[in-house]
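Since the structure comes first, as structure tokens, the remarks are kept for the end.
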Amino acid sequence: MPSAGIVPRRAVQLAALFAMMVAFTAQLVGALLPVIPLFIAASVVNLGLDLVLQHKQPGLLAVLGRIRFDVTVRQLLRDMLILVGLLHIDGINPLEEQAPLTITLLLFYGTHFVCQAVAVLVRRTRSLPFVTRNIDASALRLCDAPPRILSRQTGRRLLRFSVPTTAGMMLTAITTDAYWGGIGLAVSLALSAGGTLYLSTWLLPKKRVANEKQALEWLDNWLAEYQPTVGMYFSGGASSAYQANMWLSTLAALDGNPIIVLRERFMVQKIEATDVPIVCIPKVANLMRLEHSTLKVLLHPANSGKTSQILRIPSIKHAFTNHGESDKLSSCNPYAKAYDEVWVAGPAARDRYQLADIGVEDKDVIEVGRPQLAPIKPYAGAPAGRPATVLYAPTWEGWDGNPGNTSVILAGENIVRELLADENVRLLYKPHPMTGSVDPRAGAANSRIQAMIAEANAGRSGARPGPEAAAELARRTEELDALTTSAFRKSADELERMRLQGTPQEGRAAAVDAAVTAWEAAYWNSFPQWEHRIITTARPGIFSCFNEADVLISDVSSVVSDYLTSEKPYAVANTSGMSEDDFRANFPTVRAATILTPDASGVAGLLDAVRNPEQDTLAAERAELKEHLLGPSDPPSSVRFNQAALALGTKADERRIRMESRLSGIPGQRSQDDVNDAGTAGHETSGASDTTAAV
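First residue of the sequence shown: 893, per the numbering used here; consecutive thereafter.
As structure tokens, then:
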């Protein structure tokens, strides 16, 4: 069943299409009879409706384009109907008055098509084989982009430039004086011709950026100068950027020169604020240039179809870090065999890979902990003088349809109902951002849960922070946005953004960290401690929610493993259909958890253990499980992670030395310098030189 929001939207879209068809029909009828009021009204409404839909429903108009009824055809049909209508109106001489209008209209369309051709040329000249961020690319002669209305919005340009024509023609229909139509056409022609000439200036040498060959040479030179040693490789969809963002601080802290390698152009702006240089290389052929760089190690937080392409570079060692660890089988993907090493948090993940028996050898599994968990604060005791804060952070439904993946469908409403019934509980509800993306039932349950929380808040009252708290949050938000958000003109394209996002200011990363910490404190201080919160935005992050919570309720997911670093009480919902004993046996991360059934029995006991630590019988098990899942705290995870990166880099160096040694021992496999020296001395035969060149 389609959701309630989809049906009205489709109805509006169908109504808009129907209205456009009615407008065309009315314009035709008004032109042929002629009925001047109908003709004028239909012409104006037809163009106005197309203009509105271009802004509000571009996807709907794209459907018309697929049936060859695109914006050019629609506007041409409108103008032809206007000419037909003027032909049927008494008082307008077809030869003396309408013929010049028709010729001018044809000239207008001629300039439109010329402008379209120039726009294609400009876009091609402004498309580099890569995109960068946090790199000074001024040597590529980057400049501001031309206005979008001229370079990229061809449909909107035609419609907007046609407004004077339609207005003038309508005045001619009213007054039977072709003068007004001529004025309107002249204005439209001037706009189109002037816009074309202005856009053409981007083809002049002064505004032309480097060509593909020059750009690739610049990239090679930059790589040789920067000498990257360790990097993160990422490819994915728009909603998957969080998988890379969670590793930014860890990557930046590694010894050496870090780099981020992306494959999708849109992903460059999805990566959060960082000082690490970012290079997006979409084409495989250009990606292979990394083989000749100093890059030794690439970290992979996720698998993707394009991962196999970078794995073809043998000079780089590859480590799979994943974006989170859980007991689910999806955490042990057979694709992991393709990497040189698999980096995991602790012994539990090592055991998981061996149990899964997917071909990952135990010697290739490296325990590095979870360095990004450092911001999570340790357990500070039971809540005193305030409501207990419960974080309910269920995961999403996954791709396999397993009912045990998420508790939202079978248990979510029951859990929330039990929590809301306790007056001394503040609930923080943070669902996974992909909830409902596969199973509509999860999306519907998520909506009902949020409605329940909103209703519960409406029935609560108490003291609220003063206006100074809201003012502080606004100030911190503005400060954080200034550091993390890049403001671009609407017309800005990739090259303009590259120019604006060059070398970051010194100390920006530290300033961002401080601003995030200050914002999070202001956020929590701006709400009363008795008010439930629904958190569906990127900020506050999950770690900030961990620090605010006294207890977590979640599913079998990496959220549980990460939360355990605090050693606070937690609960896991069992919607798998297994018995509690089997559930604990199959999922080690729940070993120190309170297990909740789908009917949410156990919530009351969980809250009692939170408020009365003497009833918390799982504290010792949480401490033991923490080390089993995340590894020892000494040396710190950040140290172990860095050591693993350096060790893998050493393996890359050793391979390079072995390959150079092998090549030096093969006859004919000599360096180009040797060949040149030998050729200069006249000691090499032409045949030997040909052999060397071929190699």
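C-beta: ideal position from N, C-alpha, C; glycine also.
As the structure is a computational prediction, the values presented were derived from the model and not from experiment.
Could you tell me how far apart the beta carbons of residue i and residue j are, in whole angstroms, since I believe they sit closer than 8 Å?
| i | j | result |
| --- | --- | --- |
| Y863 | I1307 | Residue 863 lies beyond the range of the chain shown here (893 to 1587); nothing can be said about it. |
| S1084 | C1007 | 6 Å |
| V1482 | V1448 | 7 Å |
| W1416 | T1369 | Going by Cβ atoms, the distance from W1416 to T1369 rounds to 14 Å, so no, they are not a contact pair. |
| P1295 | T1467 | 6 Å |
| P1480 | D1147 | With 8 Å as the limit, P1480 and D1147 do not qualify as a contact, their Cβ atoms being about 33 Å apart. |
| H1215 | Q1135 | 4 Å |
| I1208 | Q1342 | At roughly 45 Å, the Cβ-Cβ gap does not stay under 8 Å, so I1208 and Q1342 are not in contact. |
| R1340 | E1305 | 6 Å |
| P1396 | N1026 | 5 Å |
| E1217 | A1241 | 5 Å |
| F1000 | L943 | Rounded, the Cβ-Cβ distance is 17 Å, inconsistent with contact. |
Answer yes or no: do residue i and residue j have a C-beta to C-beta separation smaller than 9 Å?
| i | j | result |
| --- | --- | --- |
| L1521 | L1444 | no |
| N1338 | V1282 | no |
| G1320 | C1224 | At residue 1320 the sequence reads Leu, which differs from the Gly that was named. It is not a contact, given that the beta carbons lie outside the stated cut-off. |
| A1496 | P1505 | no |
| R970 | F916 | yes |
| D1454 | F1435 | yes |
| A1303 | A1492 | yes |
| D1442 | A1280 | yes |
| L997 | A1165 | no |
| A1533 | W1110 | Inspection of the sequence shows that residue 1533 is occupied by Phe rather than by Ala. Not a contact, by the Cβ cut-off of 9 Å. |
| L1032 | L1538 | no |
| G1238 | G1261 | yes |
| P1206 | S1446 | no |
| D1590 | S1383 | Since the displayed the chain opens at 893 and closes at 1587, residue 1590 lies outside it and no answer follows. |
| E1104 | L1182 | no |
| P1174 | R1155 | yes |
| L1095 | V1176 | no |
Count the other CB atoms within 10 Å of the CB of residue i; is the residue buried (16 or more) or exposed (fewer)?
| i | result |
| --- | --- |
| D1508 | buried |
| D1565 | With a pLDDT of 43 at D1565, under the threshold of 50, the modelled position of this residue cannot be trusted; read the value that follows with caution. Classification of D1565: exposed, given that the 10 Å Cβ count is below 16. |
| D1254 | exposed |
| L1034 | buried |
| L945 | buried |
| H1210 | buried |
| D1373 | exposed |
| Q919 | buried |
| I974 | buried |
| T1572 | For T1572, the predicted model reports a pLDDT of 40, less than 50, meaning its position is unreliable; a value from the coordinates is still stated below. T1572 should be labelled exposed. |
| H1004 | buried |
| M913 | exposed |
| F931 | buried |
| H1324 | buried |
| L978 | buried |
| K1269 | exposed |
| Y1071 | exposed |
| G1469 | exposed |
| I1549 | exposed |
| A1401 | buried |
| S1080 | buried |
| S1563 | Residue confidence for S1563 is low, a pLDDT of 44 falling below 50, so the modelled location carries little weight and cannot support an answer. |
| R1244 | buried |
| A1350 | exposed |
Answer yes or no: does any C-beta atom of chain C fall closer than 9 Å to that of residue i?
| i | result |
| --- | --- |
| A1362 | Protein chain content of the structure displayed is limited to a single chain, and chain C is not contained in it. |
Measuring CA to CA, which of the options is closest to residue i?
| i | options | result |
| --- | --- | --- |
| E1513 | T1486, R1244, I984 | T1486 |
| L925 | D982, Q946, G951 | D982 |
| S1378 | D1385, T1068, Q1393 | Q1393 |
| A1355 | E1423, R1367, R1550, G1469 | E1423 |
| T1068 | A1241, S1092, L973, P986 | P986 |
| L1203 | S1525, P1120, D1232 | D1232 |
| F1158 | S1553, R1389, L1498 | R1389 |
| P929 | T1064, F1000, F1022 | T1064 |
| Q1106 | E1546, T1327, A1407, F1022 | F1022 |
| P1263 | A1313, K1099, S1529 | S1529 |
| R1391 | T1409, L1077, P1120, V1101 | V1101 |
| N1429 | S1131, V927, R1503, M1061 | The identity of residue 1429 in the sequence shown is Thr, whereas the question assumes Asn. Checking every option, the nearest Cα to that of T1429 belongs to S1131. |
| G1073 | K1322, W1139, T994 | T994 |
* With contact counted as at least three CB pairs below 8 Å, one residue from each stretch, are the segment 1114–1131 and the segment 1082–1098 in contact? -> Taking 8 Å as the limit for Cβ pairs, the verdict is that the segment 1082–1098 does not touch the segment 1114–1131.
Answer yes if the segment 961–968 comes into contact with the segment 1046–1066, meaning at least three C-beta pairs across the two stretches below 8 Å, and no otherwise.
-> yes
Do three or more CB pairs link the segment 936–956 to the segment 1023–1042 at distances below 8 Å?
no
Problem set entry | Inter-stretch contact at 8 Å, needing at least 3 Cβ pairs: the segment 1189–1199 / the segment 1119–1139 | yes
query: Quick one: any contact between the segment 1179–1194 and the segment 1138–1158, if contact means 3 or more CB pairs under 8 Å?
result: yes
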